[in-house]
Amino acid sequence: MPFQQFTVSDADSGPYSVTTGPDGALWFTLVHSGRIGRLTVDGELSTYPVAEGSGPTVITTGPDGALWFSQYQGHRIGRITVQGEATEFELTTPQAGPFGIATGPDGALWFTETASDRIGRITVEGQVTEYPLPVRGAFPSAITAGPDQALWFTLNQANAIGRIDTEGQVVVHALPTEAAAPVGICAGDDGALWFVEIGAGQIGRMTVDGKVTEYPLPDRAARPHAIIAGGTGHCWFTEWGGNRLGRISVDGEIELHELPVAKSEPHGLAVGPDGAVWTALEIGVLARWPVGP
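So in the numbering used here, spot 164 of the sequence shown is number 595, and the numbers just go up one at a time.
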């Protein structure tokens with residue numbers, strides 16, 4: 432079965448990040464129109480407004496049965512219930528540019544601050560703590576919970592991967608490829624961290640002790656953007672510049688799938704409640720790719 436496409440907005444609204452919610456639906460951000468969307472696997476669509484100009488960016492399921500999202504332009508963290516009731520939380524640092532967000536092993540949400548070189552932590556009650564990084568101008572981007580009770584994140588401009596434990600202690604691991612510019616990161620099914628190098632056209636793998644392996648893509652100009660664990664020993668990733676969805680095995684074997692619409696700008700992706708891979712396309716579409724083992 433080929434890709435299925437579900438129109439969720441006009442082409443200017445920018446579906447950017449997508450996640451599976453606790454209610455068995457897909458939840459996604461509409462970064463340019465300031466809305467959060469919900470789509471069932473049957474195609475039932477709802478959208479909910481958040482603060483105008485806030486730029487909801489990355490969304491994840493929280494530990495409290497709600498969805499949490501970064502507001503890159505509004506410099507806040509947002510929360511929305513499955514009924515569509517939204518709340519916003521101010522950050523300690525102004526103009527912080529929050530981007531990546533993930534649930535940590537301590538039951539709090541952890542997020543990156545691209546403009547302030549900090550990692551933030553917010554409890555489900557809204558209490559914010561921020562931890563400075565030991566590097567400046569690093570542009571911390573995506574973040575994920577690792578297999579070692581810590582959070583791992585990409586440092587896009589520092590060409591490194593960072594680790595922060597729940598006490599706020601930070602370790603930075605440099606990447607071997609110059610100007611790799613890592614963005615997306617996930618915890619793989621193999622107990623390692625997998626990430627994309629948008630600048631180098633590679634997929635990277637890092638063990639929890641910092642050992643790095645890099646796998647060049649067939650198209651080095653593909654600009655890989657986001658990556659997730661597929662639950663079957665593979666990771667899935669988007670090629671923003673190549674207009675493709677990719678899969679990589681733990682051995683580095685790469686399989687690519689062309690998206691049906693040219694220049695569809697694939698960004699975030701998630702394994703849906705139906706086991707398929709769902710991808711947010713900035714042209715106003717969520718695309719579904721049914722996958723096997």
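For glycine and all other residues, C-beta sits at the position ideal for the given N, C-alpha and C. Treat the numbers as computed from the prediction; the structure is a model and nothing was measured.
Starting from the C-beta of ALA539, find all residues in its chain whose C-beta is less than 6 Å away, skip the five residues before and the five after it, and write them out in chain order. ARG552 and THR554
Leaving out five residues on either side along the sequence, give the residues of the same chain with a beta carbon under 8 Å from the beta carbon of ALA652. GLY632, GLY672 and GLY673
Just list the residues that DSSP pairs ILE550 with in beta bridges. Residue pairing for ILE550: DSSP places it in a beta bridge opposite THR543 and TYR562.
For TYR479, which beta-bridge partners are listed by DSSP? In DSSP, TYR479 forms a bridge with ILE467.
Is the separation between the beta-carbon of ARG678 and that of LEU690 shorter than 8 Å? Judged by their CB atoms, ARG678 and LEU690 are not nearer to each other than the 8 Å cut-off.
Measuring alpha carbon to alpha carbon, tell me which residue in GLN514, GLY641 and LEU582 is nearest CYS764. The shown model of the chain, from 432 to 724, leaves out residue 764, and the question about it has no answer.
Give the secondary structure of ILE511 by DSSP, where H, G and I count as helix, E and B as strand, and everything else as coil. When secondary structure is reduced to three states using DSSP, ILE511 falls in the strand class.
For GLN588, is the classification buried or exposed, using 16 other Cβ atoms within 10 angstroms of its Cβ as the cut-off for buried? buried
ILE490 versus SER448: straight-line alpha-carbon distance, rounded: For the pair ILE490 and SER448, the Cα-to-Cα distance works out to about 6 Å.
For the segment 598 to 612 and the segment 656 to 664, state whether three or more C-beta atom pairs, one from each stretch, are separated by less than 8 Å. no
According to DSSP, simplified to helix, strand and coil, what is GLY615? strand
Based on Cα-Cα distance, which residue from VAL614, ASP640 and VAL681 lies nearest to GLU670? VAL614
When DSSP labels each residue in this structure, what does ILE679 get in the three-state scheme? Under the three-state reduction of DSSP output, ILE679 falls in the strand class.
When you compare only the Cα positions, how much space is there between GLY630 and ILE574? 18 Å
Would you call the CB atoms of VAL439 and LEU470 closer than 8 Å? Contact: yes.
Should GLU556 go down as buried or exposed, given a rule of 16 or more other Cβ atoms within 10 Å for buried? exposed
Just grab the DSSP bridge partners of PRO655 for me. Partner(s): GLU670.
How many whole angstroms separate the CB atoms of PRO529 and ILE508, which I take to be in contact at a CB cut-off of 8 Å? 6 Å
Grab the span of the beta strand (DSSP E) containing PRO697 for me, first residue to last. 697 to 702
Given ASP640 as reference, the closest of TYR646, PRO649 and PRO578 once Cα atoms are compared: PRO578
Would the beta-carbon of THR434 fall within 8 Å of that of ALA718? What sits at residue 434 in the sequence shown is Phe, not Thr. Result yes, Cβ atoms of PHE434 and ALA718 sit closer than 8 Å.
DSSP on THR460, reduced to helix/strand/coil? strand
ILE714 and ALA442 closer than 8 Å at C-beta: yes
Nearest to ASP454 (by Cα), restricted to the options GLY474, GLU483 and LEU498: Cα-wise, what sits closest to ASP454 is LEU498.
So, helix, strand or coil for PHE434, using DSSP? coil
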